[in-house]
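Under full-length UniProt numbering, the first residue of the sequence shown is numbered 1, with each subsequent residue one higher.
Here a beta-carbon is modelled for each residue, glycine too, at the ideal position from N, C-alpha and C.
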Amino acid sequence: MDGPADKERPADDDDDLDDAHKTHSKDPTRSLTTSYGLELPARLDCNCWTALTATEYQVIGRHLPSEANPTPKIYRMRIFAPNDVVAKSRFWYFLGKLRKIKKANGEIISLNQITEKRPQKVKNFGIWIRYDSRSGTHNMYKEYREMSRVAAIDALYQDMAARHRSRFRSVQILKVVELEKSDDVRRPYIKQLLVKGLKFPLPHRINKKAGKKVFAAKRPSTFF
Numbered sequence: 001m002d003g004p005a006d007k008e009r010p011a012d013d014d015d016d017l018d019d020a021h022k023t024h025s026k027d028p029t030r031s032l033t034t035s036y037g038l039e040l041p042a043r044l045d046c047n048c049w050t051a052l053t054a055t056e057y058q059v060i061g062r063h064l065p066s067e068a069n070p071t072p073k074i075y076r077m078r079i080f081a082p083n084d085v086v087a088k089s090r091f092w093y094f095l096g097k098l099r100k101i102k103k104a105n106g107e108i109i110s111l112n113q114i115t116e117k118r119p120q121k122v123k124n125f126g127i128w129i130r131y132d133s134r135s136g137t138h139n140m141y142k143e144y145r146e147m148s149r150v151a152a153i154d155a156l157y158q159d160m161a162a163r164h165r166s167r168f169r170s171v172q173i174l175k176v177v178e179l180e181k182s183d184d185v186r187r188p189y190i191k192q193l194l195v196k197g198l199k200f201p202l203p204h205r206i207n208k209k210a211g212k213k214v215f216a217a218k219r220p221s222t223f224f
């Protein structure tokens, strides 16, 4: 006589999730679906900023007008975010921390995208940040040599993810300043690029012929 232990145990949702995740590990781009029809999103990398590009926004907001305060104070922030939805979310996050104003009792007056004035010029940037690690909260100053402010922020998030395993939500950008003078640069990995007469080798030169043939008898060699 079969006892209760010999009967087949009905499959629950946890077993379905385990089987689905095993299948999903072979193809990470597939979404997960259980036997109950519950569709789960595909697992993304924890450092999701690698697939995004920063955009600088200017967000202006205030507390809702009331009879006690018909003209509330206006607050303006420059926020780096992948899109305007994240920019608004970060605006309310910081405004709630600093001035105790939340989205329910406030309003956003305007949201503008800030573009680089000189995108063809190489510039040095100094960035002050505060980030949360597994052991505490730390302040940090970093320097990057990029073409624009958003490119420097992209390099910052890539660097923080590689060196400190910091996520996008764990890094707070306090200030971004363009270092116009060479004396303002502190880091040696940026100072080595400011040497006068700096030259780089060209190990892979390709000679361009005036009259190029369509077909060649042998494979060309471009290393000399």
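Exposure label - residue i; buried when at least 16 CB within 10 Å
| i | result |
| --- | --- |
| S110 | exposed |
| A68 | exposed |
| Y189 | exposed |
| L98 | exposed |
| D154 | buried |
| V150 | buried |
| K213 | exposed |
| I101 | buried |
| R205 | exposed |
Whole-number beta carbon distance between residue j and residue i, since they are thought to touch under 8 Å
| i | j | result |
| --- | --- | --- |
| K123 | E146 | 7 Å |
| D60 | K88 | At residue 60 the sequence reads Ile, which differs from the Asp that was named. Incorrect: roughly 11 Å between the Cβ atoms, too far for contact. |
| M160 | V171 | 6 Å |
| Q113 | Y57 | 6 Å |
First through last residue of the alpha helix (DSSP H) which encompasses residue i
| i | result |
| --- | --- |
| P188 | 188 to 191 |
Which runs of the alpha helix (DSSP H) fall wholly inside the UniProt domain "Large ribosomal subunit protein eL20" (55 to 176) and span at least 4 residues, in chain order? 84 to 99, 149 to 164
The stretch 126 to 140 in contact with the stretch 172 to 186 per 3-pair CB rule at 8 Å: yes
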